[in-house]
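**Student:** Residue numbers (this note's numbering), protein chains in the order written: chain A, 731 to 1018; chain B, 731 to 1018; chain C, 731 to 1018; chain D, 731 to 1018. Just so it is clear, CB atoms sit at the ideal spot from N, CA and C, and this is done for glycine as well. Values in this document were obtained by computation on a predicted structure and should not be read as measured data.
Protein chains: 4
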Amino acid sequence: MNHHEQRERLRAILAGRQCVATASVYDPISALIAQSVGYEIGQVGGSIAAAAILAAPDLIVLTLTEFAEQMRRIARVADLCLFVDADHGYGNALNVMRTIEELEHAGVSGLTIEDTALPLAYGQPRDEIRLLSIEEGAGKMRAAVAARTDPGFVIGARTSALRTEGLEGAISRVRMYAACGVDAIFLEGFEKLEHLEALHDAARIPMILGNNRMGHKREDLAARGARIQLNPHLPIAATVHALKEVYTHLYRGGAPDALKAMVASPADMEKLVHNDDYKRWLRQYMDG
Amino acid sequence: MNHHEQRERLRAILAGRQCVATASVYDPISALIAQSVGYEIGQVGGSIAAAAILAAPDLIVLTLTEFAEQMRRIARVADLCLFVDADHGYGNALNVMRTIEELEHAGVSGLTIEDTALPLAYGQPRDEIRLLSIEEGAGKMRAAVAARTDPGFVIGARTSALRTEGLEGAISRVRMYAACGVDAIFLEGFEKLEHLEALHDAARIPMILGNNRMGHKREDLAARGARIQLNPHLPIAATVHALKEVYTHLYRGGAPDALKAMVASPADMEKLVHNDDYKRWLRQYMDG
Amino acid sequence: MNHHEQRERLRAILAGRQCVATASVYDPISALIAQSVGYEIGQVGGSIAAAAILAAPDLIVLTLTEFAEQMRRIARVADLCLFVDADHGYGNALNVMRTIEELEHAGVSGLTIEDTALPLAYGQPRDEIRLLSIEEGAGKMRAAVAARTDPGFVIGARTSALRTEGLEGAISRVRMYAACGVDAIFLEGFEKLEHLEALHDAARIPMILGNNRMGHKREDLAARGARIQLNPHLPIAATVHALKEVYTHLYRGGAPDALKAMVASPADMEKLVHNDDYKRWLRQYMDG
Amino acid sequence: MNHHEQRERLRAILAGRQCVATASVYDPISALIAQSVGYEIGQVGGSIAAAAILAAPDLIVLTLTEFAEQMRRIARVADLCLFVDADHGYGNALNVMRTIEELEHAGVSGLTIEDTALPLAYGQPRDEIRLLSIEEGAGKMRAAVAARTDPGFVIGARTSALRTEGLEGAISRVRMYAACGVDAIFLEGFEKLEHLEALHDAARIPMILGNNRMGHKREDLAARGARIQLNPHLPIAATVHALKEVYTHLYRGGAPDALKAMVASPADMEKLVHNDDYKRWLRQYMDG
């Protein structure tokens, strides 16, 4: 499936009636495994990308280039749609345009641009969220929409307004951003179904939700316009846990064979690396 | 610890009397965890690099640039010595020189160059090992030695001669390669202690061994000149296994909380991303 | 113009009746200037790429990744079709497949894969050309054709057979390669019109020619199937010359103003960096 | 000469009594030619880097990664000291730290971090300079100094305060930045010798000057603490001019031979690509 087709598949989900859960992925291996168990969408969080690429926290120290390259590595081999967190677009509206250009080129299916002032300002407490003015936010959304070249590429406007400005402020923002031509609204910090309903009524475009901390039922979310719901970033934490177990065991002199139950089989590893494709290619193009 | 110091530490191991086991690592996260449990050396196999970066098998489709960049990502954050498999040096002796240049620049502590003809020739069966002539192999080793700029950088000559030419051929090769100025000999396909002894007697430089399939005792290997022994590539297979479990659970609607026992704690994740460093930097440089 | 459209334009030239001369380009600036004077095709020689990126000679020390990235830099901003020299495809047929993948992704319009054994073998004189067997060459061409995902992407088979095997050998090769599905034949070392005619008769696909050392008329070449003719690599040599003049002048304390006649005007420099686009974007998306 | 030695040479210039003029360079070729005519320092302006890499204007759309990679390309082959414009450090103080890390790793000898608020804010006129508060600027300078690992690496604080705050403001800033441990002050917008004198008296560290629009004598600048003076960015404009001439000539069907006087000789081109080194390496390591 080529990138345009993946984007159309993501659009079909946005245009549908279900609220689809995504897999949190961060590299080619995680994306391929998520895909193999049935996921249609792989999401890449900014925090997870920084952890995987730089072993750094979510403080905007990863560059656009580094992020785009990791996305390209995933998009090269994975068939699931990649839907990624492009933070604030790495600067002002001009940087947003490069963000769209680079991530579209990398092969992702869609992304979100948020209306938060980033990176942290001098003296700003780490947990304090500062929003851009609605006009500046809208400028960035319009720039994003203008910069895409594949009309299938999905652009979501992400706002934390519910956290900082309450429902009324959030309504103004989602209405404004929807008018900029974005394809979806990502609601950060959403908790109450009636907020989702009101914001969907205001935006009239599909809604995307982060972690479902409140445990709402998927159909209740879908009924209020939610089409995508992000899953928590547990996979990378499972990797860390598994690696720690294995390294500890081996470091202490434990037998490799004792790990059998917790490692993928050679056959699974061969599948992961597309060994059948390469075998076929060797036969077709190099078999003298 | 800077790269030169890491290289000196690797040299100290080669100059010591123990045979040290390495951790098979492949990205920043795996290297940091291996280091956290006590490993001094992280090894990166060519096959594992191809799997992690390209999801491709061990058929020399990864480029030197791609490999070097992944090594740089690891070397940026990890304190353990990186000892990596640079295959055949990505071409002829000139390419070997660039391999040394790029991997030294990436921050690895040492690498091996093998005397195998790679990539697969037209019509060559995938499992057939073809060695370069000993003269060509020696030319590559001399080129490697000449190309390093940090004298601490460790260069190992890797040979599969024991598999294809028997002990006598292997003796000629290790003697020749040692005379080229390499710092160690990597014996591929070693099985018998007396072979190790004979080859160490011939080379008179430290020996490095791959998987210890025969289960020799570490002190028996050390007594015959082995200073480094690679561990099997189980960590990446453990990652694959853990990810499959987690994605399957979540995809089927399983509760995130049910995964607690198999994921790293938030505190562990914070440590992984050096959160304390960043906190301190925020306080020191941005606290208005 | 997007990359697919550029490829279709290149195909239109191959399907036409003219023999079109290309501009030798090597970076974004050279490509943009070539385009500004009217060129439709920018060619990137392997030797020129190595010179521009690595300051290295034409000895296959540049990696595929480095080459692809430079091509991407050009393709980001230039509208002319990029037709590039991908040498031997950086290895065996599997490497050819990655070459197609990476250069197609970079946005080039077409490339050539040659049937020369590269890089230099141990002991091989630098100027000696060694061809792959015709079967191996054909395997690489079939691999190239199979690897493209945009059917518009142009693949040329480049052969030096005329130099090493004479007309008869060349005829066998171009016939074979054409049967593999390549879009054009690049004749290296061509001198006589009747050779071109015979080879075009054998291949029945468009012919591409390197430097026209013999000074044949363009219409004579076109009448015998040639559709593209490469221009000599003088532009990079002109850059070197101009830079030497300017640096020498300034180093000796010469007045900057004295250089006016040999430097582009501020207006030209603004055009080169797309200043009008950025001005418009600032106005549209950042004008508070 | 390795990077540490290049940095020591740059420090020797700062510690000397002369005011040395730099060459404006932008890629490996320009740097090698500048070096060949005698320059000891190659400067890379942010505007020139954006032009060469992205064909974009000086609006902070280039990423740190892209910039660092171009610097690495130059530092791989050039022996002159690279002294580069790292703009505002690509974000806040944490980004400054990555900037130091990446550019030090790339092999540059030194850089400047400026105290300007960048990129352009929403609604900010393009030509308006906005300074960070002096405290924020100082935080960035301290972060830069803390982030270097080679003590030879040169860090300059660049300020436009003379333009926006007058002499008094500038004095406060240079005094503060010098106290942060930077190695030099880059004065943007300097015009009067007495300003230079007053600022040098305040900072008591070496001064670096941009374009010498006022035509002050080099010894007058040196007597007031200036150790480096940037030359105007004419070389890239000369390249553009030369390329336009050559492409136009060839496009119109002009004879290649007619260009002889304006292109570098084959011998010069061979020297540029280090052909003698490669010849020697072929002889030493591949001569069967």
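Kindly list, in the order they appear in chain A, the residues whose Cβ is closer than 9 Å to that of Ala873 (chain C).
**Tutor:** Position 143 of the third sequence, counting from 1, holds the residue named residue 873 (chain C). Correct list: Trp1011, Gln1014, Tyr1015 and Met1016.
**Student:** If you draw a straight line from the C-alpha of Phe813 (chain A) to the C-alpha of Ala967 (chain A), how long is it?
**Tutor:** Taking the first sequence and counting its residues from 1, one reaches residue 813 (chain A) at position 83. Taking the first sequence and counting its residues from 1, one reaches residue 967 (chain A) at position 237. Answer to the nearest angstrom: the Cα atoms are 20 Å apart.
**Student:** Buried or exposed: where does Lys974 (chain B) fall if 16 or more other Cβ atoms within 10 Å of its Cβ makes it buried?
**Tutor:** Position 244 of the second sequence, counted from the first residue, corresponds to residue 974 (chain B). Buried, by the Cβ-count rule.
**Student:** Beta-carbon of Asn961 (chain D) versus every beta-carbon of chain A: anything under 7 Å?
**Tutor:** Residue mapping note: residue 961 (chain D) aligns to position 231 of the fourth sequence, counting from 1. With 7 Å as the cut-off, Asn961 (chain D) does not count as an interface residue toward chain A.
**Student:** Contact between the region 834 to 849 of chain D and the region 819 to 830 of chain A is defined here as three or more beta-carbon pairs at a separation below 8 Å; is this criterion met?
**Tutor:** yes
**Student:** For Glu858 (chain B), which of helix, strand or coil comes out of DSSP?
**Tutor:** The count along the second sequence starts at 1 and reaches residue 858 (chain B) at position 128. Collapsing the DSSP output to three states places Glu858 (chain B) in coil.
**Student:** How should Gln1014 (chain C) be labelled, buried or exposed, when 16 other C-beta atoms within 10 angstroms of its C-beta is the threshold for buried?
**Tutor:** Counting from 1 along the third sequence, the entry for residue 1014 (chain C) is found at position 284. Gln1014 (chain C) comes out exposed.
**Student:** At a CB-CB cut-off below 7 Å, which residues of chain D make contact with Arg828 (chain A)?
**Tutor:** As a position in the first sequence, residue 828 (chain A) is number 98, starting the count at 1. Near Arg828 (chain A) (Cβ distances below 7 Å), the residues of chain D are Val791.
**Student:** Starting from Arg893 (chain C), trace the alpha helix (DSSP H) in both directions and tell me its first and last residue.
**Tutor:** Looking up residue 893 (chain C) in the third sequence gives position 163. Annotation for Arg893 (chain C): the continuous alpha helix (DSSP H) segment containing it runs Ala891 to Thr894.
**Student:** Would you mind telling me which residues of chain C sit closer than 8 Å to Ile783 (chain D), beta carbon to beta carbon, in chain order?
**Tutor:** Numbered from its first residue, the fourth sequence carries residue 783 (chain D) at position 53. Scanning chain C for C-beta atoms nearer than 8 Å to the C-beta of Ile783 (chain D) yields Pro758 and Arg803, reported in chain order.
**Student:** How would you label Asp1007 (chain A), buried or exposed, when you count the other beta carbons within 10 angstroms and need 16 or more for buried?
**Tutor:** Your numbering for residue 1007 (chain A) matches position 277 in the first sequence. With fewer than 16 other Cβ atoms within 10 Å, it is exposed.
**Student:** Please state whether DSSP places Asp950 (chain B) in a helix, a strand or coil.
**Tutor:** Taking the first residue of the second sequence as position 1, residue 950 (chain B) is located at position 220. Note: Asp950 (chain B) maps to helix in three-state DSSP.
**Student:** Would you list, in sequence order, the uninterrupted alpha helix (DSSP H) runs of no fewer than 4 residues that lie entirely inside the region 750 to 831 of chain A?
**Tutor:** Runs of the alpha helix (DSSP H) inside the region 750 to 831 of chain A: 758 to 766, 776 to 784 and 794 to 807.
**Student:** What does Thr879 (chain C) reach in chain A if we use C-beta pairs closer than 9 Å?
**Tutor:** Counted from its first residue, the third sequence places residue 879 (chain C) at position 149. Within 9 Å Cβ-Cβ: Asn732.
**Student:** Would the region 733 to 747 of chain C and the region 948 to 961 of chain C be scored as touching if the rule is three or more Cβ pairs under 8 Å?
**Tutor:** yes
**Student:** For Ser995 (chain A), count the other beta carbons within 10 Å of its own beta carbon; 16 or more makes it buried, fewer makes it exposed. Which is it?
**Tutor:** Position 265 of the first sequence, counted from the first residue, corresponds to residue 995 (chain A). It counts as exposed.
**Student:** Under 7 Å, Cβ to Cβ, is there at least one residue of chain A near Ala823 (chain C)?
**Tutor:** Taking the first residue of the third sequence as 1, we reach residue 823 (chain C) at position 93. Closer than 7 Å to some Cβ of chain A, the Cβ of Ala823 (chain C) qualifies, so yes.
**Student:** Can you tell me which of C:Asn941, C:Ala972 and C:Trp1011 puts its alpha carbon nearest to the alpha carbon of Ser754 (chain C)?
**Tutor:** If you number the third sequence from 1, residue 754 (chain C) lands on position 24. Minimum Cα distance to Ser754 (chain C) is reached at C:Asn941.
**Student:** In this structure, does DSSP put Leu939 (chain B) in helix, strand or coil?
**Tutor:** Residue mapping note: residue 939 (chain B) aligns to position 209 of the second sequence, counting from 1. Correct three-state label for Leu939 (chain B): strand.
**Student:** At least one CB of chain A closer than 7 Å to the CB of Gly869 (chain C): is that the case?
**Tutor:** Mapped onto the third sequence, residue 869 (chain C) falls at position 139. Yes, Gly869 (chain C) counts as interfacial toward chain A.
**Student:** Would you say Leu841 (chain A) faces chain D, with C-beta separation under 7 Å as the test?
**Tutor:** The residue labelled residue 841 (chain A) in the question sits at position 111 within the first sequence. Closer than 7 Å: no.
**Student:** For a contact defined as C-beta to C-beta under 7 Å, what are the partners of Glu866 (chain C) on chain B?
**Tutor:** What you label residue 866 (chain C) is simply residue 136 of the third sequence in a count that begins at 1. Within chain B, the residues near Glu866 (chain C) are Tyr852.
**Student:** What residues of chain A sit near Thr894 (chain D), judged by a beta carbon separation below 7 Å?
**Tutor:** Residue numbering aside, residue 894 (chain D) sits at position 164 when the fourth sequence is read from its first letter. None at all; the shortest Cβ gap to chain A is about 18 Å.
**Student:** Quick one: is Pro855 (chain C) near chain D, going by C-beta distance under 7 Å?
**Tutor:** In the third sequence, residue 855 (chain C) corresponds to position 125, counting from 1. By the rule that beta-carbons nearer than 7 Å mark a contact, Pro855 (chain C) does not touch chain D.
**Student:** On the three-state DSSP scale, how would you describe Glu1000 (chain A)?
**Tutor:** As a working mapping, residue 1000 (chain A) is identified with position 270 in the first sequence. Helix, per DSSP.
**Student:** With the cut-off set at 7 Å, would you say Ala887 (chain C) and Cys749 (chain C) are in Cβ contact?
**Tutor:** Within the third sequence, the letter at position 157 stands for residue 887 (chain C). Within the third sequence, the letter at position 19 stands for residue 749 (chain C). No, they are not a contact pair.
**Student:** Ignoring anything shorter than 4 residues or poking outside the region 950 to 984 of chain D, list the alpha helix (DSSP H) runs there in chain order.
**Tutor:** 964 to 981
**Student:** Would you report the Cα separation of Ala868 (chain C) and Ala781 (chain C), rounded to the nearest angstrom?
**Tutor:** Counting from 1 along the third sequence, the entry for residue 868 (chain C) is found at position 138. Counting from 1 along the third sequence, the entry for residue 781 (chain C) is found at position 51. Computed Cα separation, rounded: 30 Å.
**Student:** State buried or exposed for Arg954 (chain B), treating a residue as buried only when at least 16 other CB atoms are found within 10 Å of its CB.
**Tutor:** Position 224 of the second sequence, counting from 1, holds the residue named residue 954 (chain B). Classification of Arg954 (chain B): buried, given that the 10 Å Cβ count is 16 or more.
**Student:** Quick one, which of A:His930, A:Asp1017 and A:His963 has its alpha-carbon nearest Met906 (chain A)'s?
**Tutor:** Numbered from its first residue, the first sequence carries residue 906 (chain A) at position 176. Comparing Cα positions, the closest option is A:His930.
**Student:** Ala874 (chain A) lies in the beta strand (DSSP E); which residues open and close that run?
**Tutor:** By one-based count along the first sequence, residue 874 (chain A) stands at place 144. Taken as a continuous stretch (DSSP letters only), Ala874 (chain A) belongs to no beta strand (DSSP E), being part of the alpha helix (DSSP H) at Ile864 to Ala877.
**Student:** Closer than 7 Å by C-beta to Leu989 (chain D): which residues in its own chain qualify, once you throw out the five before and the five after it? Chain order, please.
**Tutor:** Numbered from 1 along the fourth sequence, position 259 holds the residue referred to as residue 989 (chain D). Closer than 7 Å at Cβ, skipping near neighbours: Val976 and His979.
**Student:** Could you check which residue in C:Leu964, C:Phe916, C:Met1016 and C:Pro986 has the C-alpha nearest to that of Tyr756 (chain C)?
**Tutor:** Here residue 756 (chain C) refers to the residue found at position 26 of the third sequence. The option with the nearest alpha carbon to Tyr756 (chain C) is C:Leu964.
**Student:** Which residue's Cα is closest to the Cα of Thr842 (chain D): D:Glu927, D:His835, D:Gly768 and D:Val912?
**Tutor:** Translated into the one-based positions of the fourth sequence, residue 842 (chain D) becomes position 112. Among D:Glu927, D:His835, D:Gly768 and D:Val912, the Cα nearest to that of Thr842 (chain D) is on D:Val912.
**Student:** Is DSSP giving Arg1013 (chain B) helix, strand or coil here?
**Tutor:** Residue mapping note: residue 1013 (chain B) aligns to position 283 of the second sequence, counting from 1. In the structure shown, Arg1013 (chain B) sits in a helix (DSSP, three-state: H, G or I).
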